[in-house]
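In the numbering used here, the protein residues as written are 15 to 295.
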Amino acid sequence: MTTLAEALASAARLGLDRLDAQILLLHALGRSPHDRAWLIAHDADVLPEAAQTVWTALLQRRQAGEPVAYLLGHKAFFGLDLQVGPGVLVPRPDTETLVEWALSLLPTDAAPAQPTRVLDLGTGSGAIALALGTHAPQAELTATDASEAALAQARANGQRLGLPVRWRLGHWLDAVPGERFHLIVSNPPYIAEADPHLAALTHEPLSALTAGPDGLDDIRHLVATAPGALHPGGWLLLEHGYDQAAAVRALLSDRGFETVSSRTDLAGIERCTGGRWPLAR
């Protein structure tokens, strides 16, 4: 017979993070991940046999490096509970900086004279588009992805949340040929192909993580092609790596974007960079 305290101790011996272990044990017990206080108060309770089987499987998968979000089947992002799974990048808190910046650029009128058209490129689970749709319902949202599996996951999240987003399959702007937008946002792949951090991300789709020798290949492509899909005065906002802000600012400025700047995350790291396409050329 194994108590809850003994189950957590076994996870610690395997090297699992304590918070991860608590959340997974609560999941095995069929309880909310917010019930950590209950878990501590009942640490002498015996782990039921059915929960023990689930718990053992979760421990093995987590020890193999599978993200907690995949094990739970969902991930919180910007106040939303999003379903996630293999084949879809797990939404990160860093990306909330991009959402906050995008929201600050959207009109607040309940019924603007002209709908603001917003495009989320490489939507993955739909996190950015759905967060924007929740807080800016007056915007007209389109989201794209080159992965059918990712787009299916995003569409399912949108349906479950009741948010009207146009989902389009295709590689970057090829998914919306001839269309123009007032705001384009993207969290593209930006990790260098030889980056040692990739060793800890083997369960997430590599195509959503890496972009050439310096990690900037996709960002270069987006900076080069976005003007053809922007209305005059439209904005392009990009998430990038912790040490790439200066390079992305240079790319935007060289392409002709104005008001180029970067935004920092809660740790003070420049996490997003963007610019405004001129009103006239």
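Glycine included, each C-beta is placed from N, C-alpha and C at the ideal position.
These figures come from a predicted structure and were not determined experimentally.
Counting C-beta pairs closer than 8 Å gives fewer than three between the region 45-59 and the region 103-121, which falls short of the contact rule. In this chain, the beta strand (DSSP E) harbouring residue 200 covers 195-200. In the three-state scheme derived from DSSP, where H, G and I count as helix and E and B as strand, residue 251 is classed as strand. With fewer than 16 other Cβ atoms from the protein chains shown falling within 10 Å of its own Cβ, residue 256 counts as exposed. For residue 128, no pairing in a beta bridge is given by DSSP. Looking at 161, 131, 43, the one whose alpha-carbon comes closest to that of residue 178 is 131. When rounded, the separation of the alpha-carbon atoms in residue 244 and residue 289 is 12 Å. DSSP places residue 186 within a helical segment (H, G or I) once states are collapsed to three.
CA-CA distance, residue 76 to residue 119, rounds to 39 Å. As DSSP reads the structure, residue 290 sits in a beta bridge with 249, 272. If you draw a 10 Å sphere on the C-beta of residue 39, you find 16 or more other C-beta atoms in it, and that means buried.
Around residue 16, the same chain offers 61 as residues with beta carbons nearer than 6 Å, after the five sequence neighbours per side are excluded.
Within the region 99-153, the runs of beta strand (DSSP E) at least 3 residues long that lie entirely inside it are, in chain order, 131-135.
Put simply, the region 273-284 does not touch the region 230-242. Fewer than three CB pairs are less than 8 Å apart.
By the neighbour-count criterion, in which a residue is buried when 16 or more other Cβ atoms sit within 10 angstroms of its Cβ, residue 285 is buried. Contact check for residue 158 against residue 184 passes: the beta carbons are separated by less than 8 Å. The straight-line gap separating the alpha-carbon atoms of residue 282 and residue 67 is approximately 42 Å. Its Cα nearest to that of residue 28, the residue 73 stands out among 73, 43, 87, 42.
When the beta-carbon positions are compared, residue 246 and residue 293 come within less than 8 Å of each other. Shown here, residue 258 sits in coil according to DSSP, grouped into three states, outside any helix or strand.
In the structure shown, the three-state DSSP call for residue 20 is helix. Cβ-Cβ separation between residue 195 and residue 133: approximately 4 Å, consistent with a contact (criterion under 8 Å). At least 8 Å separates the beta-carbon of residue 69 from that of residue 23. Per DSSP, the continuous alpha helix (DSSP H) segment holding residue 231 begins and ends at 231-239. Taking a C-beta distance under 8 Å as the contact criterion, residue 253 and residue 201 qualify as a contact pair. Collapsing the DSSP output to three states places residue 72 in a helix. A direct Cα-Cα distance of roughly 18 Å separates residue 182 from residue 145. Taking 8 Å as the upper bound for CB-CB distance, residue 45 and residue 36 are not in contact here, some 10 Å apart.
With contacts defined by Cβ atoms closer than 8 Å, residue 142 and residue 98 do not form a contacting pair. Taken through DSSP and simplified to helix, strand or coil, residue 49 comes out as coil.
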